[in-house]
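Data block below; observations after.
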Amino acid sequence: MANSNSGSPFAIWHGTERVTIDWHPTVDESKCTGCGLCVVTCGEKRNVFGFDLVKNKSVVMFPENCMVGCNNCGVACLWNAISFPDLSYLKEVVERIPAGQIQKEFQKKISDNPSLIAAPSNASVPKQ
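If you want this note's numbering, it's the 1-based position in the sequence shown plus 199.
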């Protein structure tokens, strides 16, 4: 895995250094058609993929930018050229998250974004 930039917004994942988490796509060159769908499917801020113009294939350039648990590029690839670690690994990673970290982040997100709170009576989103 490439070295993470400590100033990267993706350097920490729920209190854990991202470089310690081995979650990223792997491209099987024998299956990759070079269509570029994975490059455009991965969010603009993440930019996990690059493109090798010589081989005409997608390449994983910034694996540490991949959102832990995301596999959108793999789902989008019609040629099954992209794989990820087994989901059992993801469960192990989640179990290592420091106690209370998710609840702390959840409370902050709800506090910062009250429109995410559904009304208890009808589960509709409050209007702002």
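From the three backbone atoms N, C-alpha and C, an ideal C-beta is built for every residue, glycine too. None of the values given here were measured: they were computed from a predicted structure.
Put simply, the backbone Cα of Pro-313 is about 12 Å away from that of Phe-305. The beta carbons of His-213 and Gln-300 sit closer together than 8 Å. CA-to-CA, the gap between Arg-217 and Phe-261 works out to about 12 Å. Within a 10 Å sphere around the beta-carbon of Asn-264 sit 16 or more other beta-carbons, which makes this residue buried. Within the model, the alpha-carbon separation for Cys-234 versus Lys-303 is close to 41 Å. For Ser-257, the uninterrupted beta strand (DSSP E) segment begins and ends at 256 to 259.
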